[in-house]
Amino acid sequence: MTTKLHMIRHGHHPLLGRILCGRMPGVELDDQGLREVEICAALIDPAPTLVQSSPQLRALQTADIIAGRYRLPVEIAPALDELDAGDWTGRSFAELEADPIWRQWNEKRASSTPPNGERMAAVQQRIVSHIAHLCDERRGECIVLVSHAEPIRAAIMHYARIPLDEFHSVDVAPASISTLVADSTGIKLHQANQKVPA
Numbered sequence: 356m357t358t359k360l361h362m363i364r365h366g367h368h369p370l371l372g373r374i375l376c377g378r379m380p381g382v383e384l385d386d387q388g389l390r391e392v393e394i395c396a397a398l399i400d401p402a403p404t405l406v407q408s409s410p411q412l413r414a415l416q417t418a419d420i421i422a423g424r425y426r427l428p429v430e431i432a433p434a435l436d437e438l439d440a441g442d443w444t445g446r447s448f449a450e451l452e453a454d455p456i457w458r459q460w461n462e463k464r465a466s467s468t469p470p471n472g473e474r475m476a477a478v479q480q481r482i483v484s485h486i487a488h489l490c491d492e493r494r495g496e497c498i499v500l501v502s503h504a505e506p507i508r509a510a511i512m513h514y515a516r517i518p519l520d521e522f523h524s525v526d527v528a529p530a531s532i533s534t535l536v537a538d539s540t541g542i543k544l545h546q547a548n549q550k551v552p553a
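Position 131 (the sequence shown) corresponds to 486 in our numbering; numbering is contiguous.
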């Protein structure tokens with residue numbers, strides 16, 4: 356009995372690539388993001404039986420569109436939340452470039468921590484544990500998990516056995532689908548970062 360888990364990053368929003376949003380409240384999808392998610396929702400196969408989302412607004416908006424297409428409710432799952440960026444939350448990437456701790460974070464992701472924030476290893480542990488629980492409890496189903504770049508990247512790296520320090524090698528585009536397949540032999544990465552058609 357095979358279980359499919361589609362990890363979907365939220366769609367585009369106006370601060371993407373400019374501001375480290377983290378868990379900053381009120382970050383909403385823009386028109387581009389809404390279009391991306393509509394396309395993404397149509398690519399999910401087979402039809403999902405469960406849609407879970409990070410508690411962040413942009414993820415909930417994404418999950419609502421997907422769940423609406425398949426007439427499902429959205430369950431909020433704290434394990435899917437964005438990495439807690441601590442004191443960096445809301446700062447521009449241009450500003451962060453001058454911070455030596457930021458540079459260290461990007462060079463040694465496995466051993467560094469944002470000031471008053473969350474380690475990447477902790478993000479990886481919470482999402483991988485959540486996935487394992489779902490695979491055990493919801494066998495044979497198709498599950499959609501709407502999250503953010505860092506948790507999805509952490510999961511991909513775990514199942515692909517890529518060290519966290521090599522996080523730059525794993526891209527997770529807005530509204531992309533990364534799929535895990537679970538059966539009696541375990542959980543495997545089926546595909547990573549399937550982007551919506553332009």
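Every residue gets a Cβ at the ideal spot worked out from N, C-alpha and C, and that includes glycine. From a predicted model like this one, the values you see are computed outputs, not experimental measurements.
C-alpha of V478 to C-alpha of A449: approximately 24 Å in a straight line.
For A453, the three-state secondary structure derived from DSSP is coil. The segment 423 to 434 makes no contact with the segment 451 to 467, as fewer than three CB pairs between them are under 8 Å. Between D520 and A465 the beta-carbon gap is near 5 Å, inside 8 Å, which marks them as a contact. With distances taken between CA atoms, K550 lies nearest to R390 out of T357, G377 and R390.
According to DSSP, C497 shares a beta bridge with K359.
For A537, the enclosing beta strand (DSSP E) has its first and last residue at I532 to D538. Under the 8 Å Cβ criterion, the segment 436 to 445 does not count as touching the segment 419 to 426, having fewer than three qualifying pairs. DSSP places G541 within a strand segment (E or B) once states are collapsed to three.
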